[in-house]
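First residue of the sequence shown: 1, per our numbering; consecutive thereafter.
Using N, Cα and C, we set each Cβ at its ideal position, and we do this for glycine too.
Remember, it's a predicted structure, so these values are computed and weren't measured experimentally.
Let me begin by presenting the structure, written as structure tokens, before commenting on it.
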Amino acid sequence: MHLPDVALVDLNLRDGLTGLQVAHDIMRDYDTQVVFITSERQLARLDDPHVIGCLPKPFTSAMFKATMSFVTQIIRLGTADEVWQSPPGLVVASQYRR
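See the structure below:
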């Protein structure tokens, strides 16, 4: 079975679990990296080692593409050490800041 490399999780879900609960389950069950997407950035928990960052809404398609490029580099390299600049708009978790 192929497991996801990254999950994009909106913090404000309509029904049932919260985005934080969904992210926690994904990180625990699949050992998968997470990028939060939200209009309420203060709700994002960036202290978990699986969390790459938070992309605040609204965002442009260019911001989304830059974020996904950054995430792809982190997943491929396993670190942000060789990633020179975080993308505009992305609030990067401390373990991925340079």
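C-alpha gap between residue i and residue j, whole angstroms
i	j	result
THR72	LEU20	22 Å
MET63	MET1	31 Å
ASP25	PRO88	28 Å
HIS50	GLN95	10 Å
ILE75	ASP48	16 Å
ARG148	THR18	Residue 148 is absent from the structure shown; the chain starts at 1 and stops at 98.
ASP15	PHE70	31 Å
GLU40	SER86	20 Å
Beta-carbon proximity check, residue i vs residue j, cutoff 8 Å
i	j	result
THR67	LEU90	yes
ILE37	ALA93	no
VAL22	VAL9	yes
LEU3	TYR30	yes
TRP34	MET27	Here the sequence assigns Val to residue 34, which means Trp is not the residue at that position. Yes.
Residue environment, residue i, which counts as buried when at least 16 other CB atoms sit within 10 Å
i	result
LEU11	buried
PRO58	exposed
LEU55	buried
Identity of the residues DSSP links to residue i by a beta bridge
i	result
VAL22	Paired residues: none, contrary to the question.
VAL92	GLY53
GLN33	VAL6
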